[in-house]
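*Asks:* Residue numbers (UniProt numbering): 1 to 102. Below is one structure. I have some questions about it.
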């Protein structure tokens, strides 16, 4: 997922000169963004303590490798496989699970 730098203009107050700086907008990839068959590693679990506790109790933890089995249409659940076990996760929950390359 590449991102092009976006120019941002800043004004220096003492001399009223314009300086252009570049910054990149990087969006983290979540479990909800993956297509069927993709394999990634769980990097971070967002959300409150209760959500994190629940999601970890079904085996989804930081550092685990997940494979997306299916993505149901119409914002339906995402079915993932972790350690040989298949788990259906709601799309909203899947958006709180940040993943990255293995």
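C-beta atoms are modelled at their ideal positions from N, C-alpha and C, and glycine is treated no differently. None of these values were measured; they are calculated from a predicted model.
Specify the secondary structure class of residue 94 as computed by DSSP and reduced to three states.
*Replies:* Helix.
*Asks:* Out of 42, 70, 34 and 98, which has the shortest C-alpha to C-alpha gap to residue 87?
*Replies:* It is 70.
*Asks:* Would you identify the three-state DSSP class for residue 52, choosing helix, strand or coil?
*Replies:* Residue state, collapsed to three classes: helix.
*Asks:* Taking Cβ positions, are residue 80 and residue 67 nearer each other than 8 Å?
*Replies:* Cβ distance < 8 Å, so residue 80 and residue 67 count as in contact.
*Asks:* Ignore the nearest five residues each way along the sequence and tell me which others in residue 38's own chain have a CB closer than 6 Å to its CB.
*Replies:* Hits under 6 Å: 68.
*Asks:* Considering only C-alpha positions, which residue in the set 89, 30 and 101 is nearest to residue 54?
*Replies:* It is 89 whose Cα lies nearest to the Cα of residue 54.
*Asks:* Is residue 32 helix, strand or coil by DSSP?
*Replies:* Here residue 32 sits in helix by DSSP.
*Asks:* Where does residue 34 land, buried or exposed, given buried means 16+ other C-beta within 10 angstroms?
*Replies:* Answer is buried; the Cβ neighbour count reaches 16.
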